[in-house]
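To start, the structure under review is shown below, and the notes come after it.
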Amino acid sequence: MAEHAVMTMIRAALRPPRYRWWHALAFGVAANLVGRVGSGNTGIYERQRQAPFAPPGWAFAPAWTINNVATLWGNLRLLNLPPETPGRR
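Offset between the sequence shown (1-based) and my numbering: plus 43.
Dropping the structure here:
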C-alpha cells in the first residue's frame, strides 16, 4: 500500500499538470464577474451597525485576496492529482 502511494506521488511529480495557473485565473475572474451582478444594493450594509471588534474596512480587500488566491492554488493542486491518488474520488 505504501509503495503504491509513493509511486503515485512520483508519477504525479513527473507528468505535466493538466490545469495551469491561467485556468485558475480565468475561473477567479469569471466568479468575481458573476458575483458583481447582484452587488448594486449597498445601502443595507451601510445601515447596519458594526461590532466593536470588527476589523477596519481597508482590511477586507487584502484578506479576501489572500483567501481567494489560497483557495484557487489549493484547488489547482487537487485537480492536478492523478485520479488513482489515494483518498481522491
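Built from N, CA and C at the ideal position, the CB exists for glycine as well.
Roughly how many whole angstroms lie between the Cα atoms of residue i and residue j?
{"i": "Pro126", "j": "Met50", "result": "13 angstroms"}
{"i": "Glu89", "j": "Arg79", "result": "18 angstroms"}
{"i": "Arg131", "j": "Gly86", "result": "44 angstroms"}
{"i": "Trp101", "j": "Thr128", "result": "41 angstroms"}
{"i": "Trp107", "j": "Gly71", "result": "12 angstroms"}
{"i": "Ala73", "j": "Arg58", "result": "28 angstroms"}
{"i": "Phe103", "j": "Asn75", "result": "15 angstroms"}
{"i": "Gly117", "j": "Pro95", "result": "33 angstroms"}
{"i": "Asn111", "j": "Arg54", "result": "28 angstroms"}
{"i": "Pro99", "j": "Met52", "result": "43 angstroms"}
{"i": "Gly83", "j": "Ala45", "result": "53 angstroms"}
{"i": "Pro105", "j": "Gln93", "result": "19 angstroms"}
{"i": "Val77", "j": "Ala56", "result": "34 angstroms"}
Residue range of the alpha helix (DSSP H) that residue i falls in?
{"i": "Glu127", "result": "Run containing Glu127: none; DSSP gives neither H nor E here."}
{"i": "Ala104", "result": "Phe103 to Leu122"}
{"i": "Arg90", "result": "Gly86 to Arg90"}
{"i": "Val77", "result": "Trp64 to Gly78"}
Report yes if the C-beta distance between residue i and residue j is below 7 angstroms; otherwise report no.
{"i": "Ala67", "j": "Leu115", "result": "yes"}
{"i": "Leu124", "j": "Tyr62", "result": "no"}
Relative to the alpha-carbon of residue i, which residue among the options has its alpha-carbon at the smallest distance?
{"i": "Ala113", "options": "Pro60, Ala48 and Trp64", "result": "Trp64"}
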